[in-house]
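The structure appears below as structure tokens.
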Amino acid sequence: MSNTKDLNGRVAVITGASSGMGQATARLLASRGVRVALLARRQDALEALADEIRKAGGAALSVPTDVTEQASVDAAAATVLREFGEADIVFNNAGVMLPGAVGAQSSAEWEQQIDLNVTGAMRVIQAFVPQLEAAAAKGKVVDLINTSSIAAQYVYGYFAVYSATKAYVSHLTRHLRLELGPKNIRVGMIEPGITDTELQGHFTFQGAIDWLANARTSIDFLKAEDIAEVVGFIVAQPKHVNLQQVVIMPTKEGI
Ligand code: NDP
1319 MSNTKDLNGR
1329 VAVITGASSG
1339 MGQATARLLA
1349 SRGVRVALLA
1359 RRQDALEALA
1369 DEIRKAGGAA
1379 LSVPTDVTEQ
1389 ASVDAAAATV
1399 LREFGEADIV
1409 FNNAGVMLPG
1419 AVGAQSSAEW
1429 EQQIDLNVTG
1439 AMRVIQAFVP
1449 QLEAAAAKGK
1459 VVDLINTSSI
1469 AAQYVYGYFA
1479 VYSATKAYVS
1489 HLTRHLRLEL
1499 GPKNIRVGMI
1509 EPGITDTELQ
1519 GHFTFQGAID
1529 WLANARTSID
1539 FLKAEDIAEV
1549 VGFIVAQPKH
1559 VNLQQVVIMP
1569 TKEGI
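Residue 1319 is where the sequence shown starts when you use the working numbering, and the numbers rise one by one after that.
As structure tokens, this is what we get:
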């Protein structure tokens, strides 16, 4: 059994690294010896995180990227390859959640969810799979991890578009595992329940804002660091072990 507990020398690309789950995962992987490429739009937040990681003795690269633009993602892939060599971990995590009533929600809000959660996730896969394949061909341990959601499995009022984008991510992940597994690329997804990040701060739909305020009084939300621990666990498995789907919920969250 190969020992992959030591993550030294691995190269991770993390989208959505400027906050929440991506930021926490970057910190955790960097603390375990992974060189981390930080992708998101907010350059100041990425540079602050990269500085923090370097001061702690890690290696980090700030790569400002808009995953809704293929050219931006392709440029990021070229930068990672040049600076760190090919990625062997891709945490495909950037996303947005904007609940709303069908027919009343602005087009901008439902389109943004599809552009980012579906098409953006695909753009990242398209740009980085060649690097994952190259790493696997060299015998390295390789992971593609997509952030889906418990919303992929259940129905929630006014979360139709968001939930459907995550159902896409989960089903895509199953198919990609079938396609890439034979090439020795592990493919998996994390389906978290409610997690305390910036995500809910973008809500404009009053019904969801009220629901959230109420939920906070009865549920201890997951923390971004809880998700980071799961990613750290997945990538540290022996090479022949592929965690395909991890559902992680706050203990008191029902469905
Ligand atoms: P955050 O809002 O904290 O993080 C979202 C990240 O996505 C930010 O870093 C943001 O950075 C980045 N992002 C947004 N738009 C773009 C873009 N166009 N290009 C590149 N990056 C972009 O939320 P979370 O950490 O909670 O979200 C991470 C993932 O987890 C998402 O896919 C979300 O759907 C999923 N999830 C979240 C749950 C929760 O309850 N929080 C539960 C289940 C799943 P920037 O603005 O700098 O671009």
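Positions of the beta carbon are idealized from the N, C-alpha and C atoms, including for glycine.
Is residue i near ligand 1, in the sense that its beta carbon is under 7 angstroms from a heavy atom of that ligand?
i	result
A1395	no
V1549	no
S1336	yes
L1517	yes
A1512	Note that residue 1512 corresponds to Ile in the displayed sequence, not to Ala. Yes, Cβ of I1512 sits closer than 7 angstroms to a heavy atom of ligand 1.
G1413	yes
S1467	yes
L1530	no
M1440	no
V1354	no
G1376	no
G1421	no
T1569	no
D1544	no
T1437	no
A1358	yes
M1339	yes
A1363	yes
T1535	no
L1294	Since the displayed the chain opens at 1319 and closes at 1573, residue 1294 lies outside it and no answer follows.
Please classify residue i as buried or exposed, where buried requires at least 16 neighbouring CB atoms within 10 angstroms.
i	result
R1492	exposed
L1496	exposed
P1382	buried
V1420	exposed
Y1480	buried
R1441	buried
V1473	exposed
M1319	Its pLDDT being 39, under 50, M1319 is placed unreliably in this model, and the coordinates cannot settle the point.
A1330	buried
S1336	buried
F1402	buried
F1551	exposed
N1410	buried
V1345	This sequence places Arg at residue 1345; Val is not what is there. Counting Cβ neighbours within 10 Å, R1345 comes out buried, since at least 16 surround it.
P1417	buried
G1375	exposed
V1559	exposed
R1504	buried
I1332	buried
L1431	The question names Leu, but residue 1431 is Gln in the sequence shown. By the 10 Å Cβ count, Q1431 comes out buried.
Please report whether the beta-carbon of residue i lies at a distance below 8 angstroms from any beta-carbon of chain D.
i	result
I1527	Protein chain content of the structure displayed is limited to a single chain, and chain D is not contained in it.
For my contact list, residue i and residue j are in at a C-beta cut-off of 8 angstroms; report their separation, rounded to the angstrom.
i	j	result
A1546	A1342	4 angstroms
A1378	V1354	5 angstroms
I1508	I1463	7 angstroms
I1566	L1540	7 angstroms
F1356	L1364	Reading off the sequence shown, one finds Leu at residue 1356, where the question assumed Phe. That pair is a contact at about 5 angstroms.
A1470	K1484	4 angstroms
Scan the stretch 1441 to 1482 and note each continuous beta strand (DSSP E) run of 3 residues or more that stays entirely inside, going in chain order.
-> 1461 to 1465
Write down every uninterrupted run of the alpha helix (DSSP H) in the stretch 1384 to 1411 whose length is 4 residues or greater and which is fully enclosed by it, in chain order.
-> 1388 to 1402
Entirely within the stretch 1320 to 1349 and at least 4 residues each: give me those alpha helix (DSSP H) ranges in chain order.
-> Qualifying alpha helix (DSSP H) stretches, in chain order: 1338 to 1349.
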